[in-house]
Amino acid sequence: MKFVTIYNSPDSFKISIIRNLLEENGIHYQTSDMATDSASGIAGLGITGMRVQVTEDQQEKARELLKARGFS
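And the structure:
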């Protein structure tokens, strides 16, 4: 199964909201970079945040859902 990134943010609150939206709509997802979230911004590590990824076949549905909720 191939995953594609649909959202990237250092804001864990936004990531939590997006995860809930995807779950409520039956969209298979994974979140990458959760383990490094606590290190973001420390000593200029260049970490840009956490990624939300969905399966390739559900990316259009997921992107439309996020756009409708103001996550663009």
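Each residue of the sequence shown is one higher than the last, beginning at 55 in this note's numbering.
For glycine and all other residues, C-beta sits at the position ideal for the given N, C-alpha and C.
Check your understanding: Taking the Cβ atom as the reference point for each residue, do glutamine 107 and threonine 59 lie within a distance shorter than 7 Å?
Key -> Yes, the Cβ-Cβ distance between glutamine 107 and threonine 59 is below 7 Å.
Check your understanding: From glutamate 118 to leucine 76, what does the alpha carbon distance come to, in whole angstroms?
Key -> The straight-line gap from Cα to Cα measures roughly 11 Å.
Check your understanding: Is the CB of leucine 75 under 7 Å away from at least one CB in chain C?
Key -> Annotation note: the requested chain C is absent from the structure, which comprises a single protein chain.
**Study point:** Coarse secondary structure for phenylalanine 57, derived from DSSP in three states
**Key:** Strand at phenylalanine 57.
Exercise for review: Go through its chain and collect everything with a Cβ distance to asparagine 62's Cβ below 8 Å, but skip five positions before and after it.
Suggested key: Hits under 8 Å: Thr102, Gly103, Met104, Arg105, Val106.
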